[in-house]
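Residue numbers (the working numbering), protein chains in the order written: chain C, 108 to 332; chain A, 72 to 390; chain F, 97 to 326. Glycine residues also receive a C-beta, built at the ideal position from the N, C-alpha and C atoms.
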Amino acid sequence: MIEIKAKKKYGDRIVLDDSFTFLEGKIYAVIGTNGSGKSTLLSILSKQLKNDTETFVYYGKIGYMPQSSYAFNLSVKNSIKIAIPDLEKSKTIKQDYYKFRINRYLRELDLEKISRKKASKLSGGETQKVALARTLLCRHDLLLLDEPTSAMDIQATATAEKVLNDYISEFNPTLIFSTHSVKQAERIADYVIFLKDGKIIETAPAKEFLENPKTEELKQFLQEK
Amino acid sequence: MKTTKKVLVLVLVAVLLVSCFAFVACNKDEQPTEEVKVVRISTTTSVNDSGLMGYLQPFFEKDTGYKWEIASAGTGAAINAAKYGNADVILVHSKKQEEPFVEAGFGKKVNGYKSERISFMYNYFVLVGPTVDESTYTSVKDAFATIANNENNFISRGDKSGTHTKEVGLWNSELGITDDVTKLPEGIKGWYISAGQGMGACLTMANEKNGYCLTDKATYLSFKNNPEGDKLPNLHIIYEEDNDLKNTYTMIAVNPDAKFIDSVSGEELPAGSVTIDTVAAETFINWMTSEHAKALISFYGTTKYGGSLFTLQDGYLAA
Amino acid sequence: MKLALQKAFELMGSNDPLLTNIVNTTLRMAFTSSAIALLLGVLIGLLVASHEFYGKKVIVIIMRTLMGLPPVFVGILLYLLFSGTGPFGSLKLIYSVDLMVIAQVVLITPIVAGMTETSMTPIVNKMRPTMKGLKLNGFKQFGLMVNEGKYQLISVYLFAFARAISEVGAVQIVGGNILYKTRVMTTAIALNYNTGEFELAMALGIILLFIALATNMVAAILQFGLWKKK
Numbered sequence: 108m109i110e111i112k113a114k115k116k117y118g119d120r121i122v123l124d125d126s127f128t129f130l131e132g133k134i135y136a137v138i139g140t141n142g143s144g145k146s147t148l149l150s151i152l153s154k155q156l157k158n159d160t161e162t163f164v165y166y167g168k169i170g171y172m173p174q175s176s177y178a179f180n181l182s183v184k185n186s187i188k189i190a191i192p193d194l195e196k197s198k199t200i201k202q203d204y205y206k207f208r209i210n211r212y213l214r215e216l217d218l219e220k221i222s223r224k225k226a227s228k229l230s231g232g233e234t235q236k237v238a239l240a241r242t243l244l245c246r247h248d249l250l251l252l253d254e255p256t257s258a259m260d261i262q263a264t265a266t267a268e269k270v271l272n273d274y275i276s277e278f279n280p281t282l283i284f285s286t287h288s289v290k291q292a293e294r295i296a297d298y299v300i301f302l303k304d305g306k307i308i309e310t311a312p313a314k315e316f317l318e319n320p321k322t323e324e325l326k327q328f329l330q331e332k
Numbered sequence: 072m073k074t075t076k077k078v079l080v081l082v083l084v085a086v087l088l089v090s091c092f093a094f095v096a097c098n099k100d101e102q103p104t105e106e107v108k109v110v111r112i113s114t115t116t117s118v119n120d121s122g123l124m125g126y127l128q129p130f131f132e133k134d135t136g137y138k139w140e141i142a143s144a145g146t147g148a149a150i151n152a153a154k155y156g157n158a159d160v161i162l163v164h165s166k167k168q169e170e171p172f173v174e175a176g177f178g179k180k181v182n183g184y185k186s187e188r189i190s191f192m193y194n195y196f197v198l199v200g201p202t203v204d205e206s207t208y209t210s211v212k213d214a215f216a217t218i219a220n221n222e223n224n225f226i227s228r229g230d231k232s233g234t235h236t237k238e239v240g241l242w243n244s245e246l247g248i249t250d251d252v253t254k255l256p257e258g259i260k261g262w263y264i265s266a267g268q269g270m271g272a273c274l275t276m277a278n279e280k281n282g283y284c285l286t287d288k289a290t291y292l293s294f295k296n297n298p299e300g301d302k303l304p305n306l307h308i309i310y311e312e313d314n315d316l317k318n319t320y321t322m323i324a325v326n327p328d329a330k331f332i333d334s335v336s337g338e339e340l341p342a343g344s345v346t347i348d349t350v351a352a353e354t355f356i357n358w359m360t361s362e363h364a365k366a367l368i369s370f371y372g373t374t375k376y377g378g379s380l381f382t383l384q385d386g387y388l389a390a
Numbered sequence: 097m098k099l100a101l102q103k104a105f106e107l108m109g110s111n112d113p114l115l116t117n118i119v120n121t122t123l124r125m126a127f128t129s130s131a132i133a134l135l136l137g138v139l140i141g142l143l144v145a146s147h148e149f150y151g152k153k154v155i156v157i158i159m160r161t162l163m164g165l166p167p168v169f170v171g172i173l174l175y176l177l178f179s180g181t182g183p184f185g186s187l188k189l190i191y192s193v194d195l196m197v198i199a200q201v202v203l204i205t206p207i208v209a210g211m212t213e214t215s216m217t218p219i220v221n222k223m224r225p226t227m228k229g230l231k232l233n234g235f236k237q238f239g240l241m242v243n244e245g246k247y248q249l250i251s252v253y254l255f256a257f258a259r260a261i262s263e264v265g266a267v268q269i270v271g272g273n274i275l276y277k278t279r280v281m282t283t284a285i286a287l288n289y290n291t292g293e294f295e296l297a298m299a300l301g302i303i304l305l306f307i308a309l310a311t312n313m314v315a316a317i318l319q320f321g322l323w324k325k326k
């Protein structure tokens, strides 16, 4: 179980302030308007950002996909290759393993045709697919994805979700992701957390969330969607 | 926090603006309201480095009411400055370069003086070298021959200055040393160092390399007996006061009707495009040969370096 | 001016051994010092650009101040350190091309570091979240940053090289302008001015410009190649 008292304050502005509990091996979707603290939560969980209260301690492998990834001036294939962990680089068996995974993702995410293209010249959706492939290349215990399909069209999103589901089946990580799509939350997650102004307004199993919103804020939020 | 930042920036900009104005205003104040008389002198770094000119300046300005502006460079450049019309009078010490300057019509004869070249003072070059040298020489040329024989390090000015020209003439002609600074005869490459720098730098190099060097006594003493300490601990005077080592200083007033040269195109400038203040030049020359100046020049160096650095000579006045 | 240009071409075609020696010495010195300065400077510049640390602003100010080190000052400083009576006198580097290279490295490294930090900070800031998220090691990060900043770093190198080839104050003092040994184009120009050979001085200056032009043309081809790919 992962417990955290997450707090982040910038001057007088409190961006995030609440206690969270995550069950290992389960999938959580975090939803809320822009500025509700979703990205901040994921940043803290990925140890990119320092928690204002006690430091977040987690001993497993953490995989993190930020909201916007930098598009390197490398080919798509090489852009993904840089994620191969160093310790394993020298062992040829492990090398082949990663090569295999890279080729598999290139295929499954429809990146094969542009595998040699420079990553900096891709469209938003393609760049995001590359970033996703990069993040999913290794096995992680805790997987954090910040709006992983925000730039993708419907077809690309479907493909990405399939790849993600395969990954979940294979490695059974604790997955926490943020999204603007309530439908996506329903499709993938076990639980959904609704944030507003840095506080948890409501949290419930995915199915109940949409069918039985309990709080006024959530009802309003769902109506606007 | 934001307002404090804004205020700080404004204060900084204000300070910068005020200092700019102050700078401009102060410089404006230095512009005299009445005409100031100036004499432009072009001289060599050796002359300037000896400190003589700095010493004489306040006396000159008080006695004559003229201000002087001195530009110093290597001998060749100093003479060129005059050819470009940038000086009213030159003060150099290289007969070899003075004579062509006069022959080309750049010199003007001043009333009361025998020739355009007014050689009014001299000193001696000295040969300096490593402290361990205890040889005795019959003449300076003998010393030079020994140095060549032993292949001791010798640092040459290598810049066609008066000092360099003098030095070149003291070697045995067989060695092939000329004042052509682009040629270095094979046989001497190991020990003859053509530095192409000023006197101070060459002395420092000689000290560094435990080598020999021909220098004017003034520069040598100013480094040796420097108030901050002996800058040339490895050098001392090996040979001096040989007639071959005489270093004569000459003043030449610039001819206002000379064919001055355009510094950019190298071509002759049209007549009348350059103004030379001959009155200023004559004032300078007359003062430098006056009794007051003579006394000052003889005195210069006696307290600081234990002896005068320059000796006055006669023979330049018209009969 | 015309005469100087003529003379420059004359000299370049003449195969004069002294000119060849001077040009060789200059290039040897300038390429070596700018290369070393590039390596050290880029390393320092990227380190500063990619990390936030206590006192970073102070370091950046110091770095930028060192960019304005006067060459003559560095010349005198190194002279005192490496002359016979100085702490490093036993290395016998005084009046050598090696010491001239050292002087230039001292002068140019801060410039490279400062320029790298300035031009790479925006790029590094964009890269940082992704690189950190991937937990890349230092070497990998360095390699990626250099790869992203190839265009900028070429400009930085050209500036470093330009400074090296045109510097005269420090190399004059620590090198001594010794004929056939430590005479480089800039000190030769200064000497020719002092001997009154202005035309020759100008001609040498023009040759130096040609060298700089050639280098910049090669670098521009590289850079435009990169630019096109963008």
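Fewer than three beta-carbon pairs drawn from the stretch 81-98 of chain A and the stretch 342-350 of chain A are found closer than 8 Å, and the two stretches are therefore not classed as touching. The beta carbon of residue 223 of chain F sits closer than 8 Å to some beta carbon of chain C. Residue 144 of chain A belongs to the set of residues whose beta carbon lies under 8 Å from a beta carbon in chain F. For residue 358 of chain A, the uninterrupted alpha helix (DSSP H) run begins and ends at 349-359, by DSSP. Here residue 265 of chain F is buried. Its C-beta has 16 or more other C-beta atoms within 10 Å.
In this structure, the beta-carbon distance from residue 184 of chain C to residue 213 of chain C falls below 8 Å. About 5 Å separates the beta carbons of residue 324 of chain A and residue 160 of chain A, which is inside the 8 Å limit, making them a contact pair. Proximity of chain C to residue 236 of chain F at the Cβ level (cut-off 9 Å) is accounted for by 189 and 193, in chain order. With a 10 Å radius around the Cβ and a threshold of 16 neighbouring Cβ atoms, residue 370 of chain A comes out exposed. As DSSP reads the structure, residue 263 of chain A sits in a beta bridge with A:225. Just measuring C-alpha positions, the residue of A:278, A:171 and A:182 sitting nearest residue 224 of chain A is A:278. The three-state secondary structure of residue 164 of chain A, taken from DSSP, is coil. Per DSSP, reduced to three states, the secondary structure at residue 338 of chain A is coil, with no helix or strand assignment. For residue 172 of chain C, the three-state secondary structure derived from DSSP is strand. About 13 Å separates the Cβ atoms of residue 111 of chain C and residue 131 of chain C, ruling out a contact at the 8 Å cut-off. Segment contact: the stretch 220-239 of chain F against the stretch 272-282 of chain F, fewer than three CB-CB distances shorter than 8 Å; contact not assigned. The C-beta of residue 202 of chain C has fewer than 16 other C-beta atoms within 10 Å across all chains shown, which makes the residue exposed. Separation of the CB atoms of residue 110 of chain A and residue 289 of chain A is rounded to 23 Å, and the pair is thereby denied contact status at 8 Å.
Within the stretch 237-261 of chain F, 240, 243 and 244 place their CB atoms closer than 7 Å to a CB of chain C, listed in sequence order.
The beta carbon of residue 184 of chain F is closer than 7 Å to those of 177 and 178 in its chain, skipping five residues each way along the sequence. Residue 269 of chain F is positioned such that its CB atom lies no closer than 8 Å to that of residue 207 of chain F. One thing to note: residue 163 of chain A has its Cβ within 8 Å of the Cβ of residue 149 of chain A.
Where residue 150 of chain A is concerned, the enclosing alpha helix (DSSP H) starts and stops at 146-154. Residues of chain F whose Cβ lies closer than 7 Å to the Cβ of residue 255 of chain A are, in chain order, 275 and 276. Per DSSP, residue 209 of chain C is one residue of the alpha helix (DSSP H) stretching across 199-215. Straight-line measurement puts the Cα of residue 113 of chain A at about 8 Å from the Cα of residue 157 of chain A.
Between the stretch 331-344 of chain A and the stretch 216-236 of chain A there are fewer than three inter-stretch CB-CB distances shorter than 8 Å, so the stretches are not counted as touching. Residues of the stretch 165-180 of chain F with a C-beta less than 8 Å from any C-beta of chain A: 179 and 180, listed in chain order. Boundaries for residue 170 of chain F: no beta strand (DSSP E) harbours it, while the alpha helix (DSSP H) harbouring it runs 167-178, taken from the DSSP string. Taken in chain order, the members of the stretch 216-237 of chain A whose beta-carbon sits within less than 8 Å of a beta-carbon on chain F are 229, 230, 231 and 232. The CB of residue 142 of chain F never comes closer than 7 Å to any CB in chain C; the least such distance is about 16 Å. 8 Å or more divides the Cβ of residue 299 of chain C from the Cβ of residue 189 of chain C. Residues of chain C whose Cβ lies closer than 7 Å to the Cβ of residue 226 of chain F are, in chain order, 173, 176 and 177. One Cα belongs to residue 167 of chain A, the other to residue 293 of chain F, and the distance between them is close to 16 Å. Going by DSSP, residue 154 of chain F is part of no beta strand (DSSP E) but of the alpha helix (DSSP H) stretching over 152-162. Contact between the stretch 322-329 of chain C and the stretch 153-170 of chain C is absent, with fewer than three C-beta pairs closer than 8 Å.
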